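Trainee:
In my numbering, the protein residues as written are 4 to 196.
#1: As a quick exercise: from 134, 84, 175, 42, pick the residue whose alpha carbon is nearest that of residue 72.
#2: So, using beta-carbon positions, are residue 82 and residue 111 closer together than 7 Å?
#3: For residue 40, write down the residues that DSSP places opposite it in a beta bridge.
#4: Whole angstroms is fine: what's the gap from residue 49's alpha carbon to residue 37's?
#5: By Cβ distance, which residues of its chain are closer than 6 Å to residue 25, with the 5 residues on each side in sequence left out?
#6: Which residue comes first and which comes last in the alpha helix (DSSP H) that contains residue 144?
#7: DSSP beta-bridge partners for residue 50?
#8: Can you give the Cα-Cα distance for residue 61 and residue 165, rounded to whole angstroms?
#9: If you count every other CB in all the chains shown that lies within 10 Å of the CB of residue 145, and 16 or more means buried, which is it?
#10: Beta-carbon separation of residue 148 and residue 180 under 7 Å?
#11: I need the boundaries of the beta strand (DSSP E) containing residue 98, first residue and last residue.
Listed below in structure tokens is the structure:
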């Protein structure tokens, strides 16, 4: 613990599974994208194939407004674990923190993000954080692009028959941005967390 507080990493001192070492430039890499939110966490799983990435699954983990927060967090965590076990991704790209004016909203978003990250880390995946502006820049070419522009470009890049739901589109965009970073296109490096 002292090493972690001092900023030193020691993989042998943790009880969590070690991240997989399969994140090298792999044209068949499976990437999980997560756009965390308490009531609508988006997810997208792609296989980084050439010439176009292939969508394996995408959707939204929806939680009713009548549910207690703890029930939502449990559903987010369990659904992500199930996705990981079903598709066996090698890496996860999650949306970076954003500026929130409302402290309560920021805390709730942090809880949802924490539930997702705990499930991902518990399954042994490496987690990369990408800022929303960088994702938009990578996918649309403009860091302040509207959500609909991102969704349309994701649909086009993945050759989806229908426009994905907004949260799922954001998650797929995260996975695509990470795929671009892994050698398909040009993108500045995401921050590993």
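Just so it is clear, CB atoms sit at the ideal spot from N, CA and C, and this is done for glycine as well. These numbers come from a predicted model, not from an experiment.
Mentor: In short:
#1: 42
#2: no
#3: None; residue 40 has no bridge partner.
#4: 12 Å
#5: Caution applies to residue 25, whose pLDDT of 42 falls short of 50 and renders its modelled position unreliable; the model cannot decide the point.
#6: Unbroken run through residue 144: none, as it is neither H nor E.
#7: 33, 57
#8: 12 Å
#9: exposed
#10: no
#11: 94-98
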